[in-house]
Structure formats: structure tokens, C-alpha cells
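*Asks:* Okay, here's the structure, questions in a sec.
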Amino acid sequence: MAAVVNPEAWTCGADEDFTIYNWQDAARTDPLPITGRTYRLDVSATPGDTPALSLSGTVTGASGLVTFSATDTQTAALTPGTYVYAVWETSGTKTSPIQVGTLPVTKVAGS
Numbered sequence: 002m003a004a005v006v007n008p009e010a011w012t013c014g015a016d017e018d019f020t021i022y023n024w025q026d027a028a029r030t031d032p033l034p035i036t037g038r039t040y041r042l043d044v045s046a047t048p049g050d051t052p053a054l055s056l057s058g059t060v061t062g063a064s065g066l067v068t069f070s071a072t073d074t075q076t077a078a079l080t081p082g083t084y085v086y087a088v089w090e091t092s093g094t095k096t097s098p099i100q101v102g103t104l105p106v107t108k109v110a111g112s
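In this text, residue positions in the sequence shown follow this note's numbering: the first is 2, and each later residue adds one.
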């Protein structure tokens with residue numbers, strides 16, 4: 002079970018992080034050990050579109066934490082609006098989506 006910690010929204014032209022925790026229980030008290038797994042975040046304009054941005058996750062295995070980091074250059078390439086995201090997990094030879102949702106992207110204030 003994955004739970005998104007952030008983001009509330011991304012800003013075009015800013016460094017941004019997207020963080021999830023993987024839990025073994027619904028109460029979110031027992032982290033899922035994820036050492037050896039890989040994660041990818043795809044951000045698309047609409048479901049099924051080619052991703053406008055695809056990021057590999059940094060895994061902190063024992064805590065169940067995965068962080069995706071986008072640079073200011075990567076977010077500057079996004080047009081403000083609401084995107085859809087999918088977090089993909091690869092464990093062994095199996096790849097599956099573990100979290101999907103929406104990601105608002107706003108323009109830099111004053112621009």
C-alpha cells in the first residue's frame with residue numbers, strides 16, 4: 002500500500018520532489034521493506050498519453066520511502082495545468098502501477 006506524502010502542487014521552473022511511503026498495513030505503521038525494487042514516476046497530460054516527464058525514484062529501503070526529484074529545467078518544460086501521474090514499481094520481473102492520481106502544475110508567481 003503506497004501513500005503519497007507530497008506534492009500538493011508543483012511550480013514550473015522550480016526544483017520539486019514527489020515522495021511516497023510504502024506500507025504493509027492500512028494503519029501506516031509498518032513500512033514495507035523495498036530494498037531491491039525500482040520505481041518510476043510518469044507524469045502525463047491525460048491517462049495513457051506519452052509521459053511529459055518520467056523520473057526514477059531514489060529508494061530508502063528499510064523505511065519504505067521513495068523520492069522522485071525533478072529539476073527546475075524539467076518542471077520548466079511543463080505547461081501549467083493538471084497532470085495525471087502513475088508510480089510504477091518493479092520487483093523482479095514484474096512491473097505494476099502502485100499509485101495514480103493528479104498533479105497540479107502552476108506557473109511561477111508573477112510570470
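For every residue, glycine included, the Cβ atom is placed at its ideal position computed from N, Cα and C.
#1: So, with DSSP's three-state summary, where would you put glutamine 25?
#2: Hey, could you find the ends of the beta strand (DSSP E) aspartate 73 is sitting in?
#3: Could you tell me which residues DSSP puts in a beta bridge with serine 70?
#4: Glutamate 33 and glycine 65: beta carbons closer than 8 Å?
#5: How is the beta strand (DSSP E) around proline 105 delimited, first residue to last?
#6: Taking the alpha-carbon of valine 85 as reference, which of Asp26, Trp24 and Pro105 has the nearest alpha-carbon?
#7: Check the DSSP bridge columns for leucine 42 and list the partner residues they point to.
#8: Taking DSSP as the reference, what is the three-state secondary structure of glycine 62?
#9: For a test of the three-state rule: what should DSSP assign to threonine 12, helix, strand or coil?
#10: Which residue or residues does DSSP assign as beta-bridge partners of threonine 83?
*Replies:* Well, looking at it:
#1: Indexing the sequence shown from 1 puts residue 25 at position 24. Taken through DSSP and simplified to helix, strand or coil, glutamine 25 comes out as coil.
#2: Here residue 73 is taken as the residue at index 72 of the sequence shown, counted from 1. Segment 73 to 77 is the alpha helix (DSSP H) holding aspartate 73; no beta strand (DSSP E) there.
#3: Walking along the sequence shown from the start, residue 70 turns up at place 69. In DSSP, serine 70 forms a bridge with Asp18.
#4: One-based indexing of the sequence shown puts residue 33 at position 32. One-based indexing of the sequence shown puts residue 65 at position 64. With the sequence shown as reference, residue 33 is identified as leucine, and glutamate is not the correct amino acid for it. The answer is yes: Cβ separation under 8 Å.
#5: Here residue 105 refers to the residue found at position 104 of the sequence shown. Run containing proline 105: 95 to 107, per the beta strand (DSSP E) assignment.
#6: Reading the sequence shown from its first residue, position 84 is the one you call residue 85. Nearest option by C-alpha distance: Pro105.
#7: Counting from one through the sequence shown, the residue named residue 42 turns up at place 41. Bridge partners of leucine 42 according to DSSP: Leu56 and Val88.
#8: As a first step, residue 62 must be located in the sequence shown, where it is residue number 61. Correct three-state label for glycine 62: helix.
#9: Here residue 12 corresponds to residue number 11 of the sequence shown, with the count starting at 1. Threonine 12: strand per DSSP, three-state reduction.
#10: Taking the sequence shown and counting its residues from 1, one reaches residue 83 at position 82. Looking at the DSSP assignment, threonine 83 forms a beta bridge with Pro105.
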